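Engineer:
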Amino acid sequence: MYAFQYRKANTLADAAAVLSRNADAKLLAGGQSLVASMKLRLINPSDIVDLSGIKELAGIKLESNAVVIGAMTRHAAVASSHDVKKAIPALAALADGIGDRMVRNMGTLGGSVANNDPAADYPAAALALGATVITDKRKIAADDFFKGLFETALQPSEIITAVSFPIPKRAAYMKFRNPASRYALVGVFVADFGTGVRVAVTGAGPGVFRMPEMEKALAAKFSPDAIAGIKVPEANLNSDLHAAADYRAHLIGVMAKRAVEAAA
Amino acid sequence: MGDMNFIGQSVKRREDYRFLTGSGNYTDDIVLPHQSHASFVRSPHAHARIRAIDKAAALKAPGVIAVFTGDDIAAGKVNGLPCGWLITDVNGQPMKEPPHPVLAQGKVRYVGDHVAVVIAETAQQARDAAEKIEVDYEVLPSVVRAGDARSKGAPTLHDIAPDNTCYVWGLGDKAAVDKAMASAAHVTTLEFVNNRLIPNAIEPRAANAVYSRADDGYTLYVASQNPHVERLLMTAFVLGLPEHKVRVVAPDVGGGFGSKIFLYAEEVVLTWAAKQLNRPIKWTADRSESFQSDAHGRDHVTKAELGMDKNGKFTALRVTTTANLGAYLSTFSSCIPTILYATLLAGQYATPAIYAEVTAVFTNTAPVDAYRGAGRPEATYVVERIVEQAAREMKLDPAEIRRRNFITTFPYQTPVALLYDTGNYEATLADAQKAADVAGFPARRAESAKRGKLRGLGYACYIEACGIAPSNIAGALGARAGLYEAAEVRVHPTGKVSLFTGSHSHGQGHETTFAQVVAARLGIPMEDVDVVHGDTSKVLFGMGTYGSRSLAVGGTAIVKALDKIIAKGKKIAAHLLEASDSDIEFKDGNFGVTGTDRKIPFAQIALTAYVPHNYPLDKLEPGLNENAFYDPVNFTFPAGSHICEVEIDPETGRTRVERFTAVDDFGKVINPMIVEGQVHGGLTQGIGQALTEGCHYDPESGQLVTGSFLDYCMPRADDVPSYHVGTQVTPCTHNPLGVKGCGEAGAIGAPAAVMNAITDALGVRDVEMPATPQRIWRIANQKPV
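Encoded structure:
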């Protein structure tokens, strides 16, 4: 790591103030992406602002048709939450599959969503459930939030405080893991709201994206054979040592099918 | 306390207490007074000339004490790293030995090649300053694949080898093979790659060197598998230092698997610089550095042909291999694809004619050297894959074709130099088949098919040569070292024993197993035995631990030293008991007069030796301290049968190893729990080679693409099943413990077993390792590669 100044924020306002004063400052949530990048010297933040002392940022609230999860809520907490398991079991299962136990004890929802790693799991859930990202300044719909590779709609010193997930009729998440990193090579989140179906894919492209053709087919008939004939285009999909674009395109179809089977 | 009471017992490991409670003492834990720290500058290019190195900014950085480059090393008359095995080529010429400088001399030849070193007060400062070194490179084209190194137009790495060839070497009878092939009823041909692996021991390499003006001596702490060899090579061949003034200590070492055998540039540079600066200097690799600069393993391209008669009896085997040595010769790299490889091509079979030709090439990649199995996994892969393919072509059961060809009478002289002492391959295979429930496989396959999955079964009946090696044979084959082992048994006046062994323990559990051997032999409690290893100041000498040699060679040296102790004890007892030497027997920890009740316990003999009042001083020296050097009369030949069962999901290409059965003959077993642990580890590494691990350099840029665990897939516990492990015992005929060695067997047999199972499931001739989901999916669905 390069040398840096560590600060622990007592309030959200404190944290935002440091960020707006200093363009090279970074927020520390669970540190599971940030610290790893720092250790590899890929980034050189001047200041680290630790959010773990701000109590109101963590917590899970069950509302009538949404689950609102605080930005600093750890993956392990979401995975084991009675409320989440009851209202959106697919979301609890997704949280339970992020990284490994140590990562889940530290990693946070807000950190994952703000970082928008192209292979992260939470963006698929947020996009498929049509979630709302709540910041210290405004509310942003998921469809408008995820912009591209590690890019979101957040302004420079804007801080996520919570994410509100609408409760679907049924949903499931299927992930095919990169054998080495165990990140999503392809992860598909399918959510049926009754009034419509949303399908979001992570891992396969530069960022999370929806599959309108699948959504339409599944809205008409929520079953695996409804999407069996859909050929997923290879264009714009990632290609690397572990999976070329054509393999990812194929896996999207397979994971979507398996997600529908699991949700039905 | 009976003789041999501890032998065969699963005594819990003594080492574990300190390892599991974080109380180990690894090289990085050692902090010396006035400690300074080093950071190495490494080449970001696969192949480049160095035009200039600008140290100015680095020298001004906070905390920096010095910066050294190749110029300083050359001015200091530091030699390059030596290769310990001279291979003579097919024309009787010595192999090409290009210089292997410890800091680059005008040219870099692989990503990670060492260019400069920065020494500063803290590790952080050294690292920061290293980033300020500016190297002006003239980038050159590079070549990374073994098969491309000799192509027309391939860039030359070393002037003395314009075609990048280190040697072309042959073993066996070419004429006999050609003749037998010409008249064979059937010839099976197979071409395959043995994929390059990166060792990734859990502890990265580390060194801490200090020079003392007080005694004009050096101490080097280094994560090594063989401190005496390290010392000899460094003092005699590289730094020109007096050997007796240099102490090398390998403290707790977190795994080696071969990668910590070799003399590396970093510890040499540190030792040299420690004197220049009169400061101790410490360096610990980070994982990225380990990926780039630890010696890699395997990397062969092979074509094999197996000739047989109409009954599937093998008549000839022809093997042609191109072996990638990397950019420079590492300490033992030349002998891995030759002496430790081609000599195993008989396998467990009585094939009468064998010829192997190996072309070893240089490429712009990390040096390649021994890695768990060292040549024997490569040989087993060749033999067991082609035998299985032959069975399929001849429509014979794969176990049956093996049975028709097993060696059944011993000793057996193979056509590739080795004399197998003993074995029972038939029994091992039968046991393995039973344990693997081969009979039930067809039903399991049908059940998998119902679920849309492909199931396959594969065998590997491997053999290896361990307990390296008889020095005269090794020398005749080109070894520049002896390969004996040494032991010293020091009995203290109170009857406690210190065992000094030239073997090194970096995961093998020697502190436990060697204590078992000593305690059993002397009839004393295990707590009374202390095993000392890893320090050239304490241990008389040693060739170190690798090649599954510690128990067979090191253990025998221990037994011989114990024999001397007991022989002397008998003389002392004879004097005390007023009997003649020949009337004394040593049994159950007591010296006694044969046929009587009169006896004296070991501890009392020990005390007498050091308080020699009633003692034959005219005939016998006081004290009870003996050493032995043991040079093995032959290799040992552990062998076994591995059976692997896989299930493939053709939709995704994901392969699960459903069952893995290993029945191994390691000769006598001293500690079954430790042996089982070794087998588990070896099998997991072997499955890793087959399914998950693969080092990849980009052929265009020469960059190491798999430079971290994000891309280099280490097998985890959930990647493998619970193993069924069993042993057969045919005791080694030529060492007193009857042991053969067990550390590498799993890594030797598993890859072939897994790939035989996968090719069986898919109904294809070959699948490249690692058999990743993408690879399997393409084959299963006939998609373009």
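Protein chains in written order, with our numbering: chain B, 2 to 265; chain W, 63 to 847.
By construction, the Cβ of each residue, glycine as well, lies at the ideal position given by its N, Cα and C atoms.
What you are looking at is a predicted structure, and each value in this text was computed from that prediction instead of being measured.
By the three-class DSSP mapping on this structure, what secondary structure does B:Met2 have?
Structural biologist: Here B:Met2 sits in coil by DSSP.
Engineer: Find the residues of chain W that neighbour B:Pro180, judging by a C-beta separation of less than 9 Å, and give them in chain order.
Structural biologist: In chain order: Arg716, Leu753, Thr754, Cys775, Asp781, Pro832, Thr834, Pro835.
Engineer: Within 8 Å of any Cβ in chain B, is that where the Cβ of W:His248 sits?
Structural biologist: The Cβ of W:His248 sits no closer than 8 Å to any Cβ of chain B.
Engineer: Can you list, in chain order, the stretches of the alpha helix (DSSP H) that have 4 or more residues and sit fully within the stretch 218–250 of chain B?
Structural biologist: 225–228
Engineer: Using a beta-carbon distance below 8 Å, is W:His758 in contact with chain B?
Structural biologist: yes
Engineer: Let me make sure I understand the geometry here. Which of W:Asp650, W:Ile646, W:Lys558, W:Gln666 has the alpha-carbon closest to that of W:Thr658?
Structural biologist: W:Ile646
Engineer: Would you mind telling me which residues of chain B sit closer than 9 Å to W:Lys845, beta carbon to beta carbon, in chain order?
Structural biologist: Asp247, Tyr248, His251
Engineer: Can you tell which of W:Val173, W:Ala178, W:Tyr229 has the C-alpha that lies nearest to the C-alpha of W:Asp27?
Structural biologist: Outside the shown range of chain W (63 to 847) lies residue 27 of chain W, about which nothing can therefore be said.
Engineer: Could you check how far apart the C-beta atoms of W:Ala110 and W:Val201 are, in whole angstroms? I think they sit under 8 Å.
Structural biologist: By a beta-carbon distance limit of 8 Å, W:Ala110 contacts W:Val201. Their separation comes to about 5 Å.
Engineer: Look up B:Ile160 in the DSSP assignment and give the residues it is bridged to.
Structural biologist: DSSP, once it has assigned bridges, lists no residue as partnering B:Ile160.
Engineer: In whole angstroms, what separates the C-alpha of B:Ala96 from that of B:Ala80?
Structural biologist: 5 Å
Engineer: Taking Cβ positions, are B:Phe151 and B:Asn116 nearer each other than 8 Å?
Structural biologist: yes
Engineer: With a threshold of 8 Å on Cβ separation, who are the neighbours of W:Pro846 within its own chain once the five nearest residues in sequence on each side are excluded?
Structural biologist: Arg840
Engineer: Which residue or residues does DSSP assign as beta-bridge partners of W:Val559?
Structural biologist: W:Val553, W:Val591
Engineer: At the level of alpha carbons, what is the spacing between W:Ala216 and B:Pro119?
Structural biologist: 38 Å
Engineer: Cα-Cα, which of W:Ser784, W:Pro798, W:Ile810, W:Val767 is closest to W:Gln747?
Structural biologist: W:Ile810
Engineer: Could you round the C-beta distance between W:Ala701 and W:Thr490 to whole angstroms and report it? I think they count as a contact, below 8 Å.
Structural biologist: Rounded, the Cβ-Cβ distance is 7 Å, consistent with contact.
Engineer: I'd like to know if the stretch 739–754 of chain W and the stretch 787–804 of chain W are in contact, where contact means that at least 3 CB-CB pairs between them fall below 8 Å.
Structural biologist: Output reads yes: the stretch 787–804 of chain W touches the stretch 739–754 of chain W.
Engineer: Who are the Cβ neighbours of W:Val445 in its own chain at under 7 Å, not counting the five residues just before and after it?
Structural biologist: Cβ within range, chain order: Leu407, Gly409.
Engineer: For the putative contact between B:Ile70 and B:Ala220, defined by C-beta atoms under 8 Å, what is the C-beta separation to the nearest angstrom?
Structural biologist: Contact flag wrong, Cβ pair sits at about 27 Å.
Engineer: From which residue to which residue does the beta strand (DSSP E) around W:Phe376 run?
Structural biologist: 376–388
Engineer: Run through chain B and tell me which residues come within less than 7 Å of W:Glu713, C-beta to C-beta.
Structural biologist: Val255
Engineer: For the putative contact between B:Lys176 and B:Gly254, defined by C-beta atoms under 8 Å, what is the C-beta separation to the nearest angstrom?
Structural biologist: Not really, about 14 Å apart at Cβ, beyond 8 Å.
Engineer: Check the Cβ of B:His83 against every Cβ in chain W and list those closer than 8 Å, keeping chain order.
Structural biologist: Neighbours of B:His83 on chain W: none; closest Cβ ~27 Å, over 8 Å.
Engineer: Taking all protein chains shown into account, do 16 or more other C-beta atoms lie within 10 angstroms of the C-beta of W:Ile222, making it buried, or fewer, making it exposed?
Structural biologist: exposed
Engineer: Beta-carbon separation of B:Gly204 and B:Tyr184 under 8 Å?
Structural biologist: Yes, the Cβ-Cβ distance between B:Gly204 and B:Tyr184 is below 8 Å.
Engineer: Are W:Phe603 and W:His306 close, meaning C-beta to C-beta below 8 Å?
Structural biologist: no
Engineer: For B:Leu43, would you say it is in contact with chain W, using Cβ-to-Cβ distances shorter than 8 Å as the test?
Structural biologist: no
Engineer: Within the stretch 106–183 of chain W, note down every full alpha helix (DSSP H) run reaching 4 residues or more, in order along the chain.
Structural biologist: 118–122, 132–137
Engineer: Of the residues that make up the stretch 218–247 of chain B, which ones have a beta carbon closer than 9 Å to any beta carbon in chain W?
Structural biologist: Those would be Asp241, Leu242, His243, Ala244, Ala245, Asp247, in chain order.
Engineer: Indicate the three-state DSSP secondary structure (helix, strand or coil) for W:Phe472 in the structure shown.
Structural biologist: DSSP places W:Phe472 in coil when its eight states are reduced to three.
Engineer: Verify the CB distance criterion: does B:Phe166 have a CB-CB separation below 8 Å to chain W?
Structural biologist: Closer than 8 Å: no.
Engineer: Given a limit of 8 Å on CB to CB distance, which residues of the stretch 348–381 of chain W reach chain B?
Structural biologist: Ser350
Engineer: Within this structure, are the beta carbons of W:Thr607 and W:Asn733 separated by less than 8 Å?
Structural biologist: no
Engineer: Among the residues of its own chain, which have a CB less than 8 Å from the CB of W:Tyr88, if the five just before and after it don't count?
Structural biologist: Glu265, Ala268, Ala285, Pro313, Asp314, Val315, Gly316
Engineer: Is there a Cβ from chain B that is less than 8 Å from the Cβ of W:Gly64?
Structural biologist: The pLDDT assigned to W:Gly64 is 45, lower than 50, so where the model puts this residue is not dependable; a value taken from the coordinates is nonetheless given after this. By this cut-off, W:Gly64 is not an interface position.
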